[in-house]
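Written out below as structure tokens is the structure these notes cover.
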């Protein structure tokens, strides 16, 4: 949970730098925007971590079988 | 500069609209811009024509399974669009209609080119009209229909957040899309800053897709706790083949074969037994209505599994959906929404006449204004179904009897045929044309 919060804050700050065009009849509402900035970073990061974690796990399982042999 | 015309041109030229329409995910359409001047619409950039939908349903009339199917279809559509460089401008549940129980998207103009990094403008709307009603079902075991009917824009995260018990808040979907969003919204409203953050906020496409996928997998897993027992009860009840059922099915099929209705209403459709018979006998499309969500779930599963052109909707016949919204005309009331050619009202009238104290002549009037022909069942007072309703209250219905019912009905329509399927149950085939 700690890691996620930290990533959220980092992502959120990074995202404030660029602008998006205004669109449409629908007012997105500030709460939703703030949340998306946060979740978006996490969702992207989780995917990144999942793939990285898999590689790390794969490394460890190879070492283990080497030790047993 | 016309952004809408540009957006539509790009969507149209890419072929995505045609592809989706051909797959049945989007209502079919044809570009008839050349006919615009003849219709007095010279200033129109684009004119589309589309087939008329025989019956429009609203999210507050949906069962849990219908609502879930609509939400998943919306998310699947959005993900497919993003893969092709397009997005949806909004996320309103009113853009989903049903063909049988199959969801179909109806708003061609909501599809527009995606701009990399743009935030999901429809997020709050998706939560209010899709996610939150489904969470109300799954987490609170409550039907959202009453609330949604009053609050046409859906169930706000700030409201639902107050009702989620502490132990259920640790779920990631609820924590983010309900609790956190509610907290951020409340805080920003209090700060009266407005949507200042909008122009600076960016959501990369990969993150957007990950968020949509997260919502999709969370919603796919949602179940209604109290519906678990529904299937068991159904199995026990159907193992007993009621003797009058055969006669009832035959009578219904005879009426349907004679009338050949394009659209039939099954009022009090229960698990869809007679809707299915009507379809087998030649009805093109059946809209089923029932008050019991358990029955609606069974009817939905059957329609889905057997490919029936049946849409089972939630209805309180003593309080049907009114005309409402802007000018009290934005959303149509039940009366006058569809042109039903025939109706069935089996094991129904006693619920309204006895259960809700509506005079028998008014019940008949209400049914007859829904369709010009049909089959109505009159359960006599001595029938067990009626005795159950009278068991807890004094009998204040001196005029509730078969002779009175027949007299009232024949004053309003021709009785084509009538049959006693049981000594205590009479079916009437009426025709008021």
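Protein chains in written order, with the numbering used here: chain A, 715 to 783; chain B, 2 to 434.
For each residue, glycine too, the CB sits at the ideal point set by N, CA and C.
7 Å Cβ cutoff met for residue i and residue j
i	j	result
residue 311/B	residue 289/B	yes
residue 349/B	residue 273/B	no
residue 318/B	residue 324/B	no
residue 301/B	residue 144/B	no
residue 248/B	residue 265/B	no
residue 254/B	residue 276/B	no
residue 263/B	residue 160/B	no
residue 258/B	residue 219/B	no
residue 54/B	residue 98/B	yes
residue 17/B	residue 87/B	yes
residue 182/B	residue 158/B	yes
residue 120/B	residue 750/A	yes
residue 141/B	residue 68/B	no
residue 365/B	residue 409/B	yes
residue 180/B	residue 170/B	yes
7 Å Cβ cutoff, residue i in contact with chain B
i	result
residue 766/A	no
residue 749/A	yes
residue 740/A	yes
residue 753/A	yes
residue 743/A	yes
residue 735/A	Only weak support exists for where residue 735/A lies, its pLDDT of 41 falling under 50; the value from the coordinates is given anyway. Yes, contact with chain B.
residue 730/A	Confidence is the limiting factor: at residue 730/A the pLDDT is only 40, short of 50, which leaves the residue's position unreliable and the question unanswerable from this model.
Chain A within 7 Å of residue i, Cβ atoms only
i	result
residue 124/B	yes
residue 37/B	no
residue 251/B	no
residue 185/B	yes
residue 91/B	yes
residue 152/B	no
residue 189/B	yes
residue 107/B	no
residue 129/B	no
residue 370/B	no
residue 204/B	yes
residue 177/B	yes
residue 212/B	yes
residue 10/B	no
residue 181/B	yes
Integer-rounded CB distance, given that residue j should sit under 8 Å from residue i
i	j	result
residue 75/B	residue 131/B	6 Å
residue 322/B	residue 62/B	6 Å
residue 94/B	residue 122/B	With a Cβ gap of about 16 Å, residue 94/B and residue 122/B do not count as contacting.
residue 221/B	residue 73/B	6 Å
residue 344/B	residue 368/B	7 Å
residue 189/B	residue 748/A	7 Å
Residue from the options with nearest C-alpha to residue i
i	options	result
residue 411/B	374/B, 388/B and 396/B	374/B
residue 110/B	101/B, 90/B, 100/B and 117/B	90/B
residue 390/B	366/B, 423/B, 354/B and 217/B	354/B
residue 204/B	752/A, 740/A and 739/A	752/A
residue 746/A	243/B, 186/B and 159/B	186/B
residue 85/B	433/B, 113/B, 178/B and 221/B	113/B
residue 28/B	96/B, 73/B and 82/B	96/B
residue 164/B	137/B, 313/B and 146/B	137/B
residue 139/B	328/B, 225/B and 33/B	225/B
residue 304/B	292/B, 287/B and 320/B	287/B
residue 108/B	156/B, 14/B, 9/B and 179/B	9/B
residue 416/B	327/B, 256/B and 356/B	256/B
residue 299/B	216/B, 338/B, 357/B and 228/B	228/B
residue 420/B	351/B, 297/B and 246/B	246/B
residue 6/B	32/B, 19/B, 20/B and 21/B	32/B
residue 58/B	372/B, 333/B, 43/B and 172/B	333/B
residue 208/B	83/B, 175/B and 11/B	83/B
residue 356/B	386/B, 117/B and 371/B	386/B
residue 383/B	370/B, 399/B and 372/B	399/B
Residues that residue i contacts on chain E, provided the C-beta gap is smaller than 7 Å
i	result
residue 120/B	This model lacks chain E altogether, as its protein chains are A and B.
- Query: Are at least three pairs of beta-carbons, each pair with one atom in the stretch 33-45 of chain B and one in the stretch 120-130 of chain B, less than 8 Å apart?
  - Reply: no
Say whether the stretch 75-86 of chain B touches the stretch 47-54 of chain B, bearing in mind that this needs 3 or more beta-carbon pairs closer than 8 Å, one atom from each stretch. no
| query | Would the stretch 357-367 of chain B and the stretch 391-411 of chain B be scored as touching if the rule is three or more Cβ pairs under 8 Å? | reply | yes
- Can at least three beta-carbon pairs, one atom from the stretch 370-388 of chain B and one from the stretch 425-433 of chain B, be found at a separation below 8 Å? yes
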